[in-house]
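Trainee:
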Amino acid sequence: MFSLNVPDTTHLIIAAIASCAIAGIASAVRALSLSGAIAAICVGFVIFGWGGYPGATALLLFFLTSSALSRWGKRQKAALTAYEKGDQRDAGQVIANGGVAVICMAWIAIEPMSVTPVAALLGAIATANADTWATEIGTVLGPKGKKKPIVLATLYDGEPGQSGAVSWQGTAAALAGAALIALTAPLWTVATLPGTLIGVTIGGLAGSLFDSFLGGAVQVQYRDGVTGELTERETDANGRENPIERGQTWINNDAVNFFATAVREGQRRK
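Position one of the sequence shown corresponds to residue 205 (this note's numbering), numbered consecutively onward.
Here it is in C-alpha cells:
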C-alpha cells in the first residue's frame with residue numbers, strides 16, 4: 205500500500221532513469237517519435253516521481269496496452285481514409301493523453317490525503333485509455349459493410365475510424381479500458397473501495413463518450429481530394445492539401461482528447 209509523500213532525491217533519480225529507459229525503448233521500437241519520447245520522459249518523471257508505483261502502474265498500463273493495440277490491425281486501419289492515427293505517438297498525442305494526469309499529480313501533492321485528486325488522476329488516465337481502446341478495437345472489430353457506426357453528435361451514420369463515430373464494440377472496449385485503470389485504485393491508501401473503482405470506470409467511459417461527441421461536433425475534418433471521403437488527414441495521397449469539410453481548424457484530435465479529459469476531471473473539483 206502507498207501513501208504519497210514528498211519524494212526524496214533518490215526516488216526522483218530513479219524516476220528519471222526509469223522514464224528515460226522506458227521512453228528510449230519505446231522510441232527504439234518506433235512506438236514513440238523523438239518528440240513523443242521527450243514528452244513521455246517529462247510526463248513519466250512527474251507521474252513516477254510524485255505518484256510512486258501506484259501512479260507508474262496506471263500510466264504504464266495505459267502506455268503498454270495502447271501501444272500494442274495501435275499496432276493491431278495495421279493493414280485494416282491503413283486502408284481507412286478517415287483514420288489518421290499511426291502507431292508512433294508524437295509529443296502532441298503524449299501531452300493530449302498525459303497532460304491532465306500531470307496536472308492532477310500536482311493536485312495530489314497539495315492534498316495528499318484526499319481521495320478526490322487520486323480519483324481525478326486515475327479518471328484522467330482511464331479516459332485516455334478508454335478512448336484509445338475504443339478507437340483501436342472499434343476500428344478493427346466495429347461494423348462492416350452496410351452496417352455503420354453512429355456519429356454521436358448527430359446520430360447519423362458514420363464510417364469506421366471517423367472522429368465522433370461510435371459502435372457497441374468500441375464502447376465495450378472503452379468500458380474495459382477504463383476498468384483496467386480503475387483496478388489500480390487499491391494501490392492508493394486513500395482510495396475508498398468500491399466507490400473509487402466504480403467512479404473511475406464510469407468516469408473513464410463517460411470521458412471517452414464526451415471525446416466522441418466533441419470529435420463529431422467541433423473537431424476539424426477534411427474532404428479527401430482523392431477518395432472524396434471524410435478524413436482527419438490534412439493532405440491526400442498525392443500530398444495535396446485537403447479542403448476543410450467541417451469543424452474548427454485549430455481543434456484536431458489531440459486537442460479534443462486533452463479537452464475531453466480536462467473537462468471530465470474538472471468536474472471533480474466541484
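Even for Gly, the Cβ is constructed at its ideal location relative to N, Cα and C. Here the structure is a predicted model, which means the values were calculated and not measured.
1. Do Val304 and Thr405 have their beta-carbon atoms positioned less than 8 Å apart in this structure?
2. Using DSSP bridges, identify the partner residues of Ile448.
3. Counting Cβ pairs closer than 8 Å, one from the segment 371 to 386 and one from the segment 302 to 319, do we hit at least three?
4. Got a sec? Which residues, its chain only, sit under 6 Å from Glu445 by beta carbon, not counting five neighbours each side?
5. Buried or exposed for Leu208, going by 16 or more other Cβ atoms inside 10 Å?
6. Please classify Ile385 as buried or exposed, where buried requires at least 16 other C-beta atoms within 10 Å of its C-beta.
7. Suppose only complete runs of 3+ residues qualify. What are the beta strand (DSSP E) ranges in the segment 210 to 238, listed by chain order?
8. Just to confirm before moving on: does the CB-CB distance between Thr435 and Gln425 stay below 8 Å?
9. For Arg293, write down the residues that DSSP places opposite it in a beta bridge.
10. Can you tell me whether DSSP reads Ala395 as helix, strand or coil?
11. Less than 8 Å between the beta carbons of Gln373 and Leu345, yes or no?
12. Are Gly368 and Ala377 close, meaning C-beta to C-beta below 8 Å?
13. Using the C-alpha atoms, what's the distance from Phe463 back to Gly420?
14. With H, G and I counted as helix, E and B as strand and the rest as coil, what does DSSP make of Thr261?
Mentor: Here's the rundown:
1. Within the sequence shown, numbered from 1, the residue matching residue 405 stands at position 201. Within the sequence shown, numbered from 1, the residue matching residue 304 stands at position 100. Not closer than 8 Å, so no.
2. Here residue 448 is taken as the residue at index 244 of the sequence shown, counted from 1. Answer by DSSP bridge pairing, in chain order: Tyr426.
3. no
4. Position 241 of the sequence shown holds residue 445. Taken in chain order, the residues that qualify are Thr439.
5. Taking the sequence shown and counting its residues from 1, one reaches residue 208 at position 4. The pLDDT assigned to Leu208 is 48, lower than 50, so where the model puts this residue is not dependable; a value taken from the coordinates is nonetheless given after this. Looking at its Cβ environment, which holds 16 or more other Cβ atoms inside 10 Å, Leu208 is buried.
6. Taking the first residue of the sequence shown as position 1, residue 385 is located at position 181. Counting Cβ neighbours within 10 Å, Ile385 comes out buried, since at least 16 surround it.
7. none
8. The count along the sequence shown starts at 1 and reaches residue 435 at position 231. The count along the sequence shown starts at 1 and reaches residue 425 at position 221. Taking 8 Å as the Cβ cut-off, Thr435 and Gln425 qualify as a contacting pair.
9. Translated into the one-based positions of the sequence shown, residue 293 becomes position 89. Answer is Leu236.
10. If you number the sequence shown from 1, residue 395 lands on position 191. In the structure shown, Ala395 sits in coil (DSSP, three-state: anything other than H, G, I, E or B).
11. Looking up residue 373 in the sequence shown gives position 169. Looking up residue 345 in the sequence shown gives position 141. Going by C-beta atoms, Gln373 is nearer than 8 Å to Leu345.
12. Residue 368 sits at position 164 when you count from the first residue of the sequence shown. Residue 377 sits at position 173 when you count from the first residue of the sequence shown. Cβ atoms of Gly368 and Ala377: not closer than 8 Å.
13. Position 216 of the sequence shown holds residue 420. Position 259 of the sequence shown holds residue 463. Those two C-alpha atoms are separated by around 14 Å.
14. By 1-based counting over the sequence shown, the position of residue 261 is 57. Three-state DSSP puts Thr261 in a helix.
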